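So the structure is just underneath, and the comments pick up after that.
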Amino acid sequence: MDIPITDNHIHVDPVNGEGPVAVAEKFYRAGGRRMIIPNKPSWTINAGTDYRKTMDTVLGYVEMINRETEVEAHAVVGLHPAELSRLLEAGREIEKAEEMIRNGLEYAQSLVLDGMAVAIGEVGRPHYPVSDEELAAHNRLMVYAMELAAEASCPVQLHTESSGPEEFREFAGMAKRAGIRKYMVIKHFSGPLTAPEENHGLTPSLIASRDVVRDGIRKGGHFLMETDYLDDIRRAGAVLGPKTVPRRTLEFINKGIFTEEDAYRIHEETVERVYGI
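Residue numbers for the sequence shown follow the numbering used here, so the first one is 23 and each next one is one higher.
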C-alpha cells in the first residue's frame, strides 16, 4: 500500500536553521512524502509588522521544495497569537492591534483563495498567561479566522494552550458560530484526544511522540501527525526532528501498533478530507 506519509505541522527556516531543501530531503530519506508548512512568526525573519512578507516567505519555501525535491509541500498562512501580544507589549492600543491582525488574516485568506496555500494558521490564543482583555481579543480573532476559513472552504490550524476535552468543546462552539465544519478545525500540537467525546468533532494533530500516537490510535484513527519542527539551530531537533513522523509511522506498522490501513487513514484519507489535497 502506497502511504503518503505526511507531517501536518513542520517549519523550515533558512535564516535560523537548515532551510527548506535540507529539511525536506531529511524527511524524504526517512520515508516522508508530504509536508504541511506554516509560516513562522514575523520576528524570526525580522519582518516587523509586515505580515504579508511573513506569509509570502513561506510560499517561496514551499515552491522551492516542490521544485528541488521529491517531497510534496503545501503552505499554511496566518498570524501566530504571539503577534498580537507583541503589538500590545510595544504599546499599541488593543483595538488597533486587533485591526492589524484582522488585516493580516484577510491577506491569509486571499492566498488560500488564490490557490497559494491550503489553510489559515497557526492562529488562536497564547499558551502563556495574558490579561482577560487580551484573551478576549485572541478569542475574537480566533473566531474571525474560522469565519474567513469557512468563506474560503479551507481548514484552520489552531495554536492554543494545552487543551483537553473542555477546551475542544469550546473550540467546537466557536466553529459552530463561525459556520465552519468542525472537522476542518485542526488542533495543532494535540494530545491523544482521538475519541469523539474528547475532540467534539475537531481534527486533532497529534504531536508524534510514541506515547501520544500509541494512545491516540487505541481510541480512534481520525487524526493527523506532526512534529512542530522549528528548524532553528539554537534549538536543534525541537520540537521533534523532521524524520520523526515517517520513522514513527513505519515503526508502528512494523510493530503492529498501526495497520497499513491505519496509516493510510491518517496520512491520506484524513489529509484529503481536511485539506482537499
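Virtual Cβ for every residue (Gly too), placed ideally from N, Cα, C.
For clarity, every value in this text was computed on a predicted model and none was experimentally measured.
* Asked: Is Ala-171 near the ligand GDP, with its Cβ less than 7 Å from a heavy atom?
  -> This structure lacks the ligand GDP; in fact it carries no ligand of any kind.
* Is Leu-272 helix, strand or coil when you go by DSSP? -> helix
* To do: Count the other CB atoms, across all protein chains shown, that sit within 10 Å of the CB of Ser-175; report buried if there are 16 or more and exposed otherwise.
  => exposed
* To do: May I have the straight-line CA-CA distance separating Arg-270 from Ala-172, to the nearest angstrom?
  => 33 Å
* Could you tell me which residues DSSP puts in a beta bridge with Ala-141? => Val-98
* Can you round the beta-carbon distance between Ala-217 and Lys-241 to whole angstroms, since I take them to be within the 8 Å contact cut? -> 4 Å
* Are Val-134 and Met-164 touching if we call contact CB-CB under 8 Å? -> no
* Are the beta-carbon atoms of Met-57 and Asp-29 separated by less than 8 Å? -> yes
* Touching or not, the segment 58 to 68 and the segment 87 to 100, by the rule of three or more beta carbon pairs under 8 Å? -> yes
* **Nonlocal neighbours in the same chain, by C-beta distance under 6 Å from Arg-55, ignoring five residues either side** => Pro-26, Ile-27
* Decide if the segment 208 to 228 is in contact with the segment 179 to 199; the criterion is three or more beta carbon pairs, one per stretch, under 8 Å apart. => yes
* To do: In angstroms with no decimal places, state the Cα-to-Cα distance between Arg-124 and Gln-131.
  => 11 Å
* Continuous beta strand (DSSP E) assignments of at least 3 residues falling wholly in the segment 153 to 198 -> 178 to 181
* **Spatial distance of Leu-106 from Ile-142 (CA atoms)** => 16 Å
* Asked: In three-state terms, what does DSSP make of Ile-202?
  -> coil
* Are the segment 106 to 118 and the segment 179 to 187 touching by the rule of at least three beta carbon pairs closer than 8 Å? -> no
* Residue span of the alpha helix (DSSP H) that contains Lys-48, given as start and end -> 42 to 51
* Asked: Which one or two residues does DSSP pair with Tyr-251 in a beta bridge?
  -> Ile-32
* Asked: Among Ala-52, Arg-162, Tyr-50, Phe-49, which one has its Cα closest to the Cα of Glu-121?
  -> Arg-162
* Sequence-distant residues of its chain with Cβ nearer than 8 Å to Trp-65 (five each side left out) -> Arg-108
* Asked: Quick one: is Lys-209 buried, meaning 16 or more other Cβ sit within 10 Å of its Cβ, or exposed?
  -> buried
* **The beta strand (DSSP E) enclosing Ser-261, as first and last residue numbers** => Contrary to the premise, residue 261 reads as Val rather than Ser in this sequence. From DSSP, Val-261 is part of no beta strand (DSSP E); its letter is neither H nor E.
* Take Gln-129 as the anchor and find which of Asp-250, Thr-76, Ile-32, Pro-187 has the nearest alpha-carbon. => It is Tyr, not Gln, that sits at residue 129 in the sequence shown. Among Asp-250, Thr-76, Ile-32, Pro-187, the Cα nearest to that of Tyr-129 belongs to Thr-76.
* **Simplified DSSP state of Met-86, which is helix, strand or coil** => helix
* Asked: Starting from Leu-228 and walking both ways along the alpha helix (DSSP H), at which residues does that stretch end?
  -> No alpha helix (DSSP H) contains Leu-228, which is instead part of the beta strand (DSSP E) from 225 to 229.
* Look at Asp-237 and Phe-211 and say whether their C-beta atoms are less than 8 Å apart. => no
* Taking the continuous beta strand (DSSP E) assigned at Met-122, which residues delimit it? -> Note, Met-122: premise wrong, no beta strand (DSSP E); alpha helix (DSSP H) at 116 to 135.
* Expressed to the nearest angstrom, what Euclidean distance is found between the alpha-carbon atoms of Ile-202 and Glu-169? -> 7 Å
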